[in-house]
Amino acid sequence: MAGRRTKTAFDLERFIPYLLNRVGIRIAMEFAREIWPQQVKYSSWRVLFTLAHCGPRYMVELATLANFEISTLSRVVAGLEREGLVKRVNGEVGARNRRVALTARGQKIVMKLSPIVLSHEAAALEGFSAAEHKLLISLLGRLHQNLERYYAERK
Numbered sequence: 083m084a085g086r087r088t089k090t091a092f093d094l095e096r097f098i099p100y101l102l103n104r105v106g107i108r109i110a111m112e113f114a115r116e117i118w119p120q121q122v123k124y125s126s127w128r129v130l131f132t133l134a135h136c137g138p139r140y141m142v143e144l145a146t147l148a149n150f151e152i153s154t155l156s157r158v159v160a161g162l163e164r165e166g167l168v169k170r171v172n173g174e175v176g177a178r179n180r181r182v183a184l185t186a187r188g189q190k191i192v193m194k195l196s197p198i199v200l201s202h203e204a205a206a207l208e209g210f211s212a213a214e215h216k217l218l219i220s221l222l223g224r225l226h227q228n229l230e231r232y233y234a235e236r237k
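Each step along the sequence shown adds one to the number in the numbering used here, with nothing skipped, and position 88 is 170.
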């Protein structure tokens, strides 16, 4: 029968990873479409905004913070470096210990895209109270901490 769901022990519409991915991908797709005319890819945006929020970072830290495999991140950072949006800066130990940092041009891109980012977040949170917004942030943080602990224990 068309449109009728079968009852199973597994309900996709109540499966948290599916729901998170569904929301995240929807926002990412629309946001990527909106920033494309600015010639910024979604993967580049993730790096730029992470650096704007956290400051200069070592590649391993940046990979964790922006959710990248290190090899993918290396390609994204290399492209951003060619565009003059990020630069590598020496750490306290020297050239072998370099961090990735935003350039002034990269910071300008972040400032230009921030209203677009915030408009997508506002659309997603429409109808949420301030308390619900705060609770959502807290719950998502706890989900992330739980997963970090779970995957660290499995290694």
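C-beta atoms are modelled at their ideal positions from N, C-alpha and C, and glycine is treated no differently. None of the values given here were measured: they were computed from a predicted structure.
DSSP puts residue i in a beta bridge; with which residues?
i	result
residue 171	181
residue 139	182
So, is residue i buried or exposed, given that buried needs 16 or more other C-beta atoms within 10 angstroms?
i	result
residue 206	exposed
residue 154	exposed
residue 97	exposed
residue 117	buried
residue 150	buried
residue 83	With a pLDDT of only 45 at residue 83, under the threshold of 50, the placement of this residue in the model should not be trusted, and no figure is reported.
residue 126	buried
Contact check, residue i vs residue j under 8 Å by CB: the rounded distance?
i	j	result
residue 170	residue 180	4 Å
residue 145	residue 152	5 Å
residue 184	residue 147	At roughly 14 Å, the Cβ-Cβ gap does not stay under 8 Å, so residue 184 and residue 147 are not in contact.
*Would you call the stretch 198-216 and the stretch 134-153 touching, i.e. three or more CB-CB distances under 8 Å?*
The stretch 198-216, when compared against the stretch 134-153, does not touch it at the 8 Å Cβ threshold.
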